[in-house]
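> Here it is, the structure in full.
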């Protein structure tokens, strides 16, 4: 092989290694034991009791459902439960299980005591969901062979397993399915700035990145109370500091996040566009979801599920019976003169 081809092969391998590093980076930041998992104390306490009691009785843990906004640690909790019990965890998602046969294949390949993690379970096919009920309750799989009068049902015994499910939209999980999570249905809450700062400090050590207290607090206050967002900001600030040969201090973090169009309370360009349109075009509201979605050229679901929750949490937006209304705080943040024309 010529030296030119050798050099090219080496470059391809290095690129592949970089891609792998990027993929495993988020997993590397994930806590591996209970003591490293910061926040959600009430959930951790309940889960510890559930696991300890099951272990003392010689049983497998009961089925568990986690719900809450994205990035709060639902998948991380599932991984920690698997590590705590010493069992294998098989991971899938609601949209990936398209047919009954897909679920049957997954369940029959589980070993006794295994954990099955289904992410976004609210997107599970209803026919598949019906098959899941007896599997969760009785540990059996009912398979119908044939059609019409000649159809017959075969019942297969399944190994004992624990189902851990996660969803961002618990209202879309049917009541019969929710009721079968006998181990508990737990809501993950947003984190405080202090908890986010602790998470960022831990992540910076794992990334072998030094940042001062000012930088730490700057990332925490812009992180939307979400660990995933905080870790993303940390990685981007680290990249910015590396490229510009700067120390990772408060000013560097500000410059990096400003480049990402993240302001000092964590609003991104879409958040600000939403408020600006609401104030400038619609005099602060009230205005309906369809109207503001059309004005932004955004889907209604994107506005309602991604943009609005954080604005409401910060007190910048109100949802009223007549529509969306910008608060006085929103006017002040964007530098507009407040005029209450809403009549609400």
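Numbering (the UniProt record's numbering), first residue to last: 1 to 344.
All residues carry an ideal CB built from backbone N, CA and C; glycine is no exception.
Rounded to the nearest angstrom, what separates residue 169 and residue 122 at their Cα positions?
Residue 169 and residue 122: Cα-Cα distance of roughly 7 Å.
> Do residue 97 and residue 164 have their C-beta atoms closer together than 8 Å?
Contact flag unset, no.
> Taking the alpha-carbon positions, what's the residue 238 to residue 104 distance?
Approximately 45 Å, taken between the alpha carbons.
> Looking at C-alpha atoms only, which residue of 81, 161, 242, 299 is the closest neighbour of residue 208?
Nearest option by C-alpha distance: 242.
> Give the secondary structure of residue 93 by DSSP, where H, G and I count as helix, E and B as strand, and everything else as coil.
Note: residue 93 maps to strand in three-state DSSP.
> For a test of the three-state rule: what should DSSP assign to residue 67, helix, strand or coil?
Three-state DSSP puts residue 67 in a strand.
> Using the rule of at least 16 other Cβ atoms within 10 Å of the residue's Cβ for burial, across every protein chain shown, is residue 140 buried or exposed?
Per the 10 Å Cβ criterion, exposed.
> Tell me whether residue 170 sits in a helix, a strand or coil according to DSSP, three-state version.
In the structure shown, residue 170 sits in a helix (DSSP, three-state: H, G or I).
> Could you give the DSSP three-state label for residue 40: helix, strand or coil?
If DSSP states are grouped into helix, strand and coil, residue 40 belongs with coil.
> With contact counted as at least three CB pairs below 8 Å, one residue from each stretch, are the segment 282-294 and the segment 324-331 in contact?
Contact holds: three or more Cβ-Cβ distances are below 8 Å.
> Any chance you could list the beta strand (DSSP E) runs of at least 3 consecutive residues sitting entirely within the UniProt region "Head domain (RuvB-H)" (264-344), in chain order?
317-320, 323-326, all fully within the UniProt region "Head domain (RuvB-H)" (264-344).
> What did DSSP end up calling residue 184 once you bin it into helix, strand or coil?
In this structure, residue 184 counts as strand in the three-state DSSP scheme.
> According to DSSP, is residue 23 helix, strand or coil?
With a pLDDT of only 44 at residue 23, under 50, the local geometry of the prediction cannot be trusted, and the value read off the model is given with reservation. Note: residue 23 maps to helix in three-state DSSP.
> From the DSSP output, in three-state form, read off residue 102 for me.
Helix at residue 102.
> Taking just the CA atoms, how far does residue 28 sit from residue 13?
Below a pLDDT of 50, predicted positions are generally treated as unreliable, and residue 13, at 41, falls in that range; the measurement from the model is reported next regardless. Distance between the alpha carbons of residue 13 and residue 28 is about 21 Å.
> Taking its Cβ as the centre, do 16 or more other Cβ atoms sit within 10 Å of residue 5, making it buried, or is it exposed?
Because the pLDDT at residue 5 is just 46, under 50, the model does not fix this residue reliably, and the point stays unresolved.
> Bridge partners for residue 119 per DSSP, in chain order?
Residue 119 is bridged to 93.
> Would you list the residues sitting across from residue 162 in a DSSP beta bridge?
Looking at the DSSP assignment, residue 162 forms a beta bridge with 115.
> Tell me whether the segment 60-74 and the segment 219-238 touch, counting them as touching only if at least three CB pairs, one residue from each stretch, are closer than 8 Å.
At 8 Å Cβ cutoff, the stretches touch.
> So, under 8 Å CB-CB, residue 90 and residue 66 are touching, yes? Tell me the CB distance rounded to an integer number of Å.
Not really, about 17 Å apart at Cβ, beyond 8 Å.
> Are residue 186 and residue 43 touching if we call contact CB-CB under 8 Å?
The answer is yes: Cβ separation under 8 Å.
> Excluding sequence positions up to five away, which residues of its chain have a Cβ less than 8 Å from the Cβ of residue 108?
Correct list, in chain order: 141, 156, 158.
> Between the alpha carbons of residue 309 and residue 276, how many angstroms are there, rounded?
Rounded to whole angstroms, residue 309 to residue 276 spans 17 Å at the Cα level.
> For residue 367, does the three-state DSSP call read helix, strand or coil?
Past the edges of the chain, shown from 1 to 344, lies residue 367, and the structure says nothing about it.
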